[in-house]
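S.K.: What follows is a structure written as structure tokens; I'll ask about it next.
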Amino acid sequence: MARQFILQTDDDPTLDQMQIPYAEELNAQQLDVVTFGTGASLVVAGAGTGKTRTLIYRVAYLVESGVAPEQIVLLTFTRRAANEMLNRASGLLDGRCRRVRGGTFHAFCLRILKQYASKLGFPNNFTMLDASDSADVIDVVKTSSGAESKEKRFPRKRTIQSIISSARNKGRSIQDVVEVSYPQFVDFTPQIETIFEAYETYKKVHGLMDYDDLLLYTLKLFSQEPGVLREVASQNRHVLVDEFQDTNRAQAKLVKAFSSVFGNVMAVGDDAQSIYRFRGADFQNILSFPDEYVGTQILRLEHNYRSTQHILDLANHLLDSAKRKYEKRLFTDRAEGDLPALVPAPDDRFESRFVSQMILQFRDQGIPLTEMAVLFRNGHNSYDLEVELNKKNIPFVKFGGLKLAEAAHVKDILAHLKVVENPQDAIAWNRILQLLEGVGPKTAGRIIDWVESNGGDQFILEERPFSASYIGSLRALFSTLRAVKKGEASCAEQLEIILEYYAPILRRVYYEDYPKREQDLEHFVGLSHTFTDRGNMLSSLALDPIELTAIDQQPEADDEPPLVLSTIHSAKGLEFKVVFLIHALDGVIPSGYSVGDAEAVEEELRLLYVAVTRAADQLFISYPMVQFRQFDGQYFANPSRFLANISSDLLEPCTLVEQTENVLPASDTIQQIADGSPNDAGTANLPF
DNA sequence: ACAAGCAGTTTTTTT
DNA sequence: AACTGCTTGT
Numbered sequence: 084m085a086r087q088f089i090l091q092t093d094d095d096p097t098l099d100q101m102q103i104p105y106a107e108e109l110n111a112q113q114l115d116v117v118t119f120g121t122g123a124s125l126v127v128a129g130a131g132t133g134k135t136r137t138l139i140y141r142v143a144y145l146v147e148s149g150v151a152p153e154q155i156v157l158l159t160f161t162r163r164a165a166n167e168m169l170n171r172a173s174g175l176l177d178g179r180c181r182r183v184r185g186g187t188f189h190a191f192c193l194r195i196l197k198q199y200a201s202k203l204g205f206p207n208n209f210t211m212l213d214a215s216d217s218a219d220v221i222d223v224v225k226t227s228s229g230a231e232s233k234e235k236r237f238p239r240k241r242t243i244q245s246i247i248s249s250a251r252n253k254g255r256s257i258q259d260v261v262e263v264s265y266p267q268f269v270d271f272t273p274q275i276e277t278i279f280e281a282y283e284t285y286k287k288v289h290g291l292m293d294y295d296d297l298l299l300y301t302l303k304l305f306s307q308e309p310g311v312l313r314e315v316a317s318q319n320r321h322v323l324v325d326e327f328q329d330t331n332r333a334q335a336k337l338v339k340a341f342s343s344v345f346g347n348v349m350a351v352g353d354d355a356q357s358i359y360r361f362r363g364a365d366f367q368n369i370l371s372f373p374d375e376y377v378g379t380q381i382l383r384l385e386h387n388y389r390s391t392q393h394i395l396d397l398a399n400h401l402l403d404s405a406k407r408k409y410e411k412r413l414f415t416d417r418a419e420g421d422l423p424a425l426v427p428a429p430d431d432r433f434e435s436r437f438v439s440q441m442i443l444q445f446r447d448q449g450i451p452l453t454e455m456a457v458l459f460r461n462g463h464n465s466y467d468l469e470v471e472l473n474k475k476n477i478p479f480v481k482f483g484g485l486k487l488a489e490a491a492h493v494k495d496i497l498a499h500l501k502v503v504e505n506p507q508d509a510i511a512w513n514r515i516l517q518l519l520e521g522v523g524p525k526t527a528g529r530i531i532d533w534v535e536s537n538g539g540d541q542f543i544l545e546e547r548p549f550s551a552s553y554i555g556s557l558r559a560l561f562s563t564l565r566a567v568k569k570g571e572a573s574c575a576e577q578l579e580i581i582l583e584y585y586a587p588i589l590r591r592v593y594y595e596d597y598p599k600r601e602q603d604l605e606h607f608v609g610l611s612h613t614f615t616d617r618g619n620m621l622s623s624l625a626l627d628p629i630e631l632t633a634i635d636q637q638p639e640a641d642d643e644p645p646l647v648l649s650t651i652h653s654a655k656g657l658e659f660k661v662v663f664l665i666h667a668l669d670g671v672i673p674s675g676y677s678v679g680d681a682e683a684v685e686e687e688l689r690l691l692y693v694a695v696t697r698a699a700d701q702l703f704i705s706y707p708m709v710q711f712r713q714f715d716g717q718y719f720a721n722p723s724r725f726l727a728n729i730s731s732d733l734l735e736p737c738t739l740v741e742q743t744e745n746v747l748p749a750s751d752t753i754q755q756i757a758d759g760s761p762n763d764a765g766t767a768n769l770p771f
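Position 47 of the first sequence, counting from 1, maps to 130 under my numbering, and the rest follow consecutively.
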């Protein structure tokens, strides 16, 4: 090892000269993290141990010790998390903290690539592909590369996209991924490999990048251009990484690269909360961190401030049953509170009525809706509940599930913007051309070829190698694109131009439900005022998608702050006083797709752990006993295998009973009734 | 030859 | 709700 010379910093303020009384506001472990000096550190932080709070104080501390805020990089999992942290840090100290750079790995890489794209042979106006755009590229190259087989079992475009993405994220070969995760398609491995190569070429030719490219091309840029690496890394005096257990190989390498000049990295994570294995995350990154950074200090946060002992007991029990043991035992000083409740409901409807009634009841007791959350494994698990909440006029926001930019009509208008931004973007062209009457895949392809070879990027139609049946619509399209491109119009104005052109198309294509979609688009235009330029807006929407339901809530801003509905994945890092976990069925959690793969089932168990540890005071786990399916009608569903055989000291089984006595005429309330003796191990009352 | 419409299947989780 | 395969219509 090279000799180290330590520079004395005697004029920097000491702890007691700082504005914030760190020693008073933090416990000893937290203070160690916050005041950590230079070099590499790994913070192993259990759920609810004040990890976010500690990071915020760390940022404030660094700023107070004289580090320029713009030299601090805070990498988080969502932009929501980054903004929240920086806002809180600003509240703690002052506005300087807002100048801290940060966001997701993808967003951070995008900013670098927008600067240096040309060094990689990409135009700097390259456009982003989301997962379904990527699948569309695959659809195109599948046919043109002749790899497609007429056999029935050829994988769908979405599946091929997942295979390719998985291989790239895990740094493995296509063959490996197919053999391990998609054994049913082993026979098609050569074709998938061909498609993969064609896919990579296609993106290069058309100036397109997918999510994985943002990470991988940034790494490529760094290895190809050491000067760029030095330039970027020398701006990062301190690198802080949240949720390190959910980073993949590429992200771990990026952290190394970002910190390669100063060597000051702090990675914070919890191996027990790793829930993104499916997209290449590897919690081994935590375990190998000390090997990667010689001299790493390992710091721990173990004191849970969030949950009652009962909730922690259940959480600890779940981890105990994991095959791979996590050396973690959370403890708290908090009073015991109520036992977590396991509530079987006869069916979906009962479950929804139960949850919504309990929510109203807690609200009457003074708990604001925002302090409560309903969590579920899949985005669609909450459909029935959403109907019930609407009926009862309970406002809610939903995180996870369909995103605004993923809705077909929004993708349509965004595709018009993309074409103006990057006329090479054949996928966007394809989308907007097929909206024209009389234009299908073949004709769209021919027009795209024409655009590429005839400078159609000026959107001028002179000759007409086109059929009369659609030349009119094509003219209208081109003149719209010219109008969008020409003016110095704002994003919102550009969208208005497109919308005016698109309105009749919307009505024709989505004749069944266009009013709803029109509303979405209007909200979307309103929202676009926050963006300054087109390129920025397009990439922001791809990287930090806005939830579709978040938009419905906007107009009535002074309404009661809403209840949170969220997939467990999207609830990461959040906490609530009251948590309902619904649809806790076997086949839902663990997902039916995971059974058979022990590692995948383990991840589902961690997912349940994450859900349970979101709760501070009250936890209700419910499931419908009967499920409906399209063809075989009703069938009985089993509760999650993770909840079977849990002692009633940890998770209290409860029953739901329909109210029989009519206290109120139109009462359809569900009444919780003690079944048998009060201390009977089998059942219990819920506090009505 | 190609588009459009219909019927039947298939759907995790996210940047 | 979206994708695939099939049939019909231009």
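Idealized CB from N, CA, C, for every residue including glycine.
In this structure, does DSSP put Asn464 in helix, strand or coil?
M.R.: Note: Asn464 maps to helix in three-state DSSP.
S.K.: Quick one: Cα of Thr132 to Cα of Phe160, how far?
M.R.: Computed Cα separation, rounded: 18 Å.
S.K.: Going straight from the alpha carbon of Leu516 to that of Leu557, what length do you get?
M.R.: If I take the Cα positions, the gap works out to 8 Å.
S.K.: Taking the CB atoms as reference points, tell me whether Arg171 and Gly186 lie closer together than 8 Å.
M.R.: No, Cβ-Cβ distance for Arg171 and Gly186 is not below 8 Å.
S.K.: Would Ser390 and Arg412 qualify as a contact pair, given that the criterion is a beta-carbon distance under 8 Å?
M.R.: No, Cβ-Cβ distance for Ser390 and Arg412 is not below 8 Å.
S.K.: On the criterion of 16 or more Cβ atoms from any shown chain inside 10 Å, does Gln701 qualify as buried, or is it exposed?
M.R.: With 16 or more Cβ atoms within 10 Å of its Cβ, Gln701 is classed as buried.
S.K.: The beta strand (DSSP E) that contains Glu661, what's its start and end?
M.R.: The question names Glu, but residue 661 in the sequence shown is Val. Taken as a continuous stretch (DSSP letters only), the beta strand (DSSP E) holding Val661 covers 659-664.
S.K.: From Ala335 to Gly310, what distance separates their C-alpha atoms?
M.R.: In a straight line, the C-alpha of Ala335 is about 21 Å away from that of Gly310.
S.K.: CB-CB under 6 Å to Pro628, same chain, minus the five flanking residues each way: which ones, in chain order?
M.R.: Excluding sequence neighbours, Pro628 sits near Lys486, Ala488.
S.K.: Compare the Cα-Cα distances from Val647 to each of Arg436, Ser465, Leu610, Glu308 and report the closest residue.
M.R.: Measuring from the Cα of Val647, the nearest candidate turns out to be Ser465.
S.K.: Reducing DSSP to helix, strand and coil, say where Gln307 ends up.
M.R.: It is helical.
S.K.: Ile729 by DSSP, collapsed to three states: which one?
M.R.: Coil, per DSSP.
S.K.: By how many angstroms is the C-alpha of Leu519 removed from the C-alpha of Ile510?
M.R.: Approximately 15 Å between the Cα atoms of the pair.
S.K.: Can you tell me the Cβ-Cβ gap for Phe119 and Gln380, rounded? I've got them flagged as a contact below 8 Å.
M.R.: With 8 Å as the limit, Phe119 and Gln380 qualify as a contact, their Cβ atoms being about 7 Å apart.
S.K.: Name, in chain order, the residues that DSSP records as bridge partners for Ile35.
M.R.: Because the chain spans 84 through 771 in this model, residue 35 falls outside it and cannot be assessed.
S.K.: Please state if the CB of Leu298 and the CB of Val156 are separated by a distance shorter than 8 Å.
M.R.: It is not a contact, given that the beta carbons lie outside the stated cut-off.
S.K.: With DSSP collapsed to three states, give me the class of Ile278.
M.R.: Three-state result, Ile278: helix.
S.K.: Among Val592, Lys253, Asp296, which one has its Cα closest to the Cα of Lys197?
M.R.: Nearest C-alpha to Lys197: Asp296.
S.K.: According to DSSP, is Phe366 helix, strand or coil?
M.R.: The answer is coil: DSSP assigns Phe366 none of H, G, I, E or B.
S.K.: So, do the stretch 488-508 and the stretch 652-661 have three or more beta carbon pairs nearer to each other than 8 Å?
M.R.: Too few Cβ pairs lie closer than 8 Å, so no.
S.K.: Quick one: grab the DSSP three-state call for Ala130.
M.R.: Residue state, collapsed to three classes: coil.
S.K.: What span of residues does the beta strand (DSSP E) with Tyr594 cover, start to end?
M.R.: No beta strand (DSSP E) contains Tyr594, which DSSP labels as neither H nor E.
S.K.: Rounded to the nearest angstrom, what separates Ala340 and Thr301 at their Cα positions?
M.R.: Answer to the nearest angstrom: the Cα atoms are 10 Å apart.
S.K.: Quick one: Cα of Leu397 to Cα of Glu630, how far?
M.R.: Cα to Cα, the separation comes out at about 31 Å.
S.K.: For Ile358 versus Arg689, is the C-beta spacing smaller than 8 Å?
M.R.: For Ile358 and Arg689, yes; Cβs fall inside 8 Å.
S.K.: Apart from the five residues on each side of it in sequence, which residues of its chain come closer than 8 Å, Cβ to Cβ, to Ser404?
M.R.: The answer, listed in chain order, is Leu688, Phe725.
S.K.: Which same chain residues, not among the five before or five after Phe88, have their C-beta less than 7 Å away from its C-beta?
M.R.: So the list is empty, once near-sequence residues are dropped.
S.K.: Between which two residues does the beta strand (DSSP E) holding Val156 run?
M.R.: Element bounds for Val156: 155-158.
S.K.: So, helix, strand or coil for Arg171, using DSSP?
M.R.: Arg171: helix per DSSP, three-state reduction.
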